[in-house]
Every structure is written in C-alpha cells, then in structure tokens.
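Take a look at the structure set out below.
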Amino acid sequence: MAKLKDTERAIGLFDSGIGGLTVLECVQEILPAENLIYMADSAHAPYGDKTVEYICERSQHICDQLIDREVKAIVIACNTATAAAASFLREQYTLPIIAMEPGVKPALALSSSGVIGVLATVETAHSKQLDDLVKRYAGEQQVLIQACPGLVELIEAGESNSEKTRELLKHYLQPLLDAGVDTLVLGCSHYPLIHSQIQALVGEKIQLVETGAPVARELQRRLQKNNLLNNTKDPGQIKVLSSAPSAQLEVLFEQITGAKVLPERFE
Ligand code: DGL
C-alpha cells in the first residue's frame, strides 16, 4: 500500500467515553478534510474518580495505539485526562498533543457579577492545573469550583433527560446560583451533552462556557505551524474505537456526523 503523506495521516482524539465527541464535532466543523480516529475508553469511564496514575496509564496506552496507527497529532478530548496526564504524555511523545482546560479565562472575561462557577469532575476540581488557572486569572473575581460526581455516569448511560440527572444537577447548581454566579464553565467534555438541561435549570441569563471550539482552533494552529494541515477538498474519514460496547456512542456519532458507525473494540 502506498505510504500516506504526512498531511493525510489522521488526528487521534480520546476521552473516557462519549464526551470527547463534543470536541470531535468542533474539529470536524473547522477541519472537515482531516481524517480522525476517536478512541472512547468506555470500559474505564469515568476517569474523574480514578487516581492520576491510573489515568496516566490508560492515556499512555491509548496514545500508543493511536501512534501505531500513525496519527500526526493527538487531542486529549477530556479535561480530566488533561489535568492528570497532559504533562506526562508530552514527556513521552514528540508529536503535537493538544489538550483541553476549563474555560476559566473566557468566563471571567464574560462575567459582570465577578462570580463564576466551574462544573468539573472530582479529579479536575482538585487538580493543580485548575488551581493554577484560577490563581493566574481570577484577580479580584471569585471562582467557585463544583465537583459533579455521578454526572458522567448518567450521561454515558443515556440518562441525560432523566429525573435523576435533573435532581443531581439541581443539587450541584443551587449553591452556585445562591452565590450569585452569572457565568458557568462546563469543565468536562461530557457536559456540553447536557447543555440544554443545565440552561433550563439556571435560566437564560446565565452564560455557559464550553471549550470544544477553542481546542479545535488550537489544533488547527498547531497543524498549520507544523505544515500538517490536510488541504484536500474531500471530506475526511472518521474511525471510532471503543473499549466497551456503547449504544450512546453510536447514537451520538450519528447525530453529530449523520453517518452510522460500528466502533472497533480495543482493550
Ligand atoms: N469527559 C471527561 C472530562 O472532560 C471525562 C469524565 C470522566 O470520565 O470522569 O473530564
């Protein structure tokens, strides 16, 4: 088989499950010609209550498989894996690794009340990375961090619209509303999947900040800088791998891309 040109090599994206598809959607929107490989580690979700060592190990295992498939760049489409493993992964590999962090800086810029909230997994909420972001950008403004254990599991199980999810969300959102937040950061790539449920509970006046689009733009910049952009006119191919069967993954993939997918399994 003819060897692929560097620009034609795929971009690898990974997450603990389906959340990273919210990033893939943004990537596809601005880089439609790129070939993509998405790896969902659903057998090991959620990452948010695992140790840093465990997340580093899984992330490295996934990156090794992406590199075996000759990807030209990797997107960590997961805030938790970024907080736990991005520096570690960048020490292991030389290819561009694009990571995602909660949108604290844009949220602070949008806020009029000077009080913002960050919804995140337990691991991200307690991470040094988030603490550093707050120290760097908050100044006189207040950043309230709300860990949301249980939410990712409900989203993975297809329960985004259930009463259980609504109740859990109310429980996490009420203290933030009481404290006067006017801007909320969705600090986990799964949470854009329940954007409308969150908005309905907090009301239209509260702004929700997502980071899929900035991650896609950063990817574009990095590819451009490394002369790796695929400039063909044809739409790219998307391959999906999952470590566990997931009906949600198939449904969401079809919603996002309009195409059906039969994910390949990985260990
Ligand atoms: N989608 C993830 C994130 O952005 C991972 C959530 C989890 O597995 O706990 O944090």
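Numbers in the numbering used here are just positions in the sequence shown, counted from 1, shifted up by 2.
Ideal Cβ positions, reconstructed from N, Cα and C, are used throughout, including at glycine.
Can you tell me which residues form a DSSP beta bridge with residue i?
{"i": "glutamate 266", "result": "Leu243"}
{"i": "aspartate 17", "result": "Ala42"}
{"i": "isoleucine 196", "result": "Beta-bridge pairing links isoleucine 196 to no other residue."}
{"i": "isoleucine 99", "result": "Ile76"}
{"i": "threonine 167", "result": "For threonine 167, which the question treats as bridged, DSSP gives no partner whatsoever."}
{"i": "valine 106", "result": "Per DSSP, none; premise fails for valine 106."}
Taking residue i and residue j to be in contact with their CB atoms under 8 Å, please state how far apart those CB atoms are, rounded to whole angstroms.
{"i": "proline 34", "j": "asparagine 228", "result": "About 19 Å separates the two Cβ atoms, so there is no contact after all."}
{"i": "isoleucine 20", "j": "glutamate 158", "result": "6 Å"}
{"i": "alanine 122", "j": "cysteine 190", "result": "6 Å"}
{"i": "alanine 181", "j": "valine 117", "result": "6 Å"}
{"i": "leucine 68", "j": "isoleucine 39", "result": "6 Å"}
{"i": "isoleucine 13", "j": "leucine 153", "result": "That belief does not hold up - the Cβ atoms of isoleucine 13 and leucine 153 are roughly 27 Å apart, past 8 Å."}
{"i": "threonine 82", "j": "serine 18", "result": "7 Å"}
{"i": "glutamate 269", "j": "glycine 105", "result": "Not a contact, Cβ separation roughly 33 Å."}
{"i": "isoleucine 124", "j": "aspartate 51", "result": "Here the sequence assigns valine to residue 124, which means isoleucine is not the residue at that position. Contact holds; Cβ gap of about 6 Å."}
{"i": "serine 244", "j": "alanine 42", "result": "4 Å"}
Let's see if you can read the secondary structure: which residues bound the alpha helix (DSSP H) around residue i?
{"i": "leucine 254", "result": "249 to 259"}
{"i": "valine 154", "result": "153 to 158"}
{"i": "isoleucine 32", "result": "23 to 32"}
{"i": "leucine 68", "result": "54 to 70"}
Could you pull the start and end residues of the beta strand (DSSP E) that residue i belongs to?
{"i": "isoleucine 78", "result": "75 to 78"}
{"i": "leucine 91", "result": "Where leucine 91 is concerned, there is no enclosing beta strand (DSSP E), although the alpha helix (DSSP H) it sits in stretches over 81 to 94."}
{"i": "valine 187", "result": "185 to 188"}
Touching by the beta-carbon criterion (3+ pairs, under 8 Å), the region 69 to 83 and the region 20 to 32: yes
At least three beta-carbon pairs within less than 8 Å, the region 178 to 189 to the region 92 to 111: yes
Any alpha helix (DSSP H) of 4 or more consecutive residues that is wholly inside the region 203 to 244: 214 to 227
Cβ contact check for the region 197 to 206 and the region 169 to 176: 3 or more pairs under 8 Å: Yes, they touch.
Sequence ranges, beta strand (DSSP E) only - wholly within the region 113 to 164, length at least 3: 117 to 122, 144 to 149
Inter-stretch contact at 8 Å, needing at least 3 Cβ pairs: the region 144 to 159 / the region 215 to 225: no
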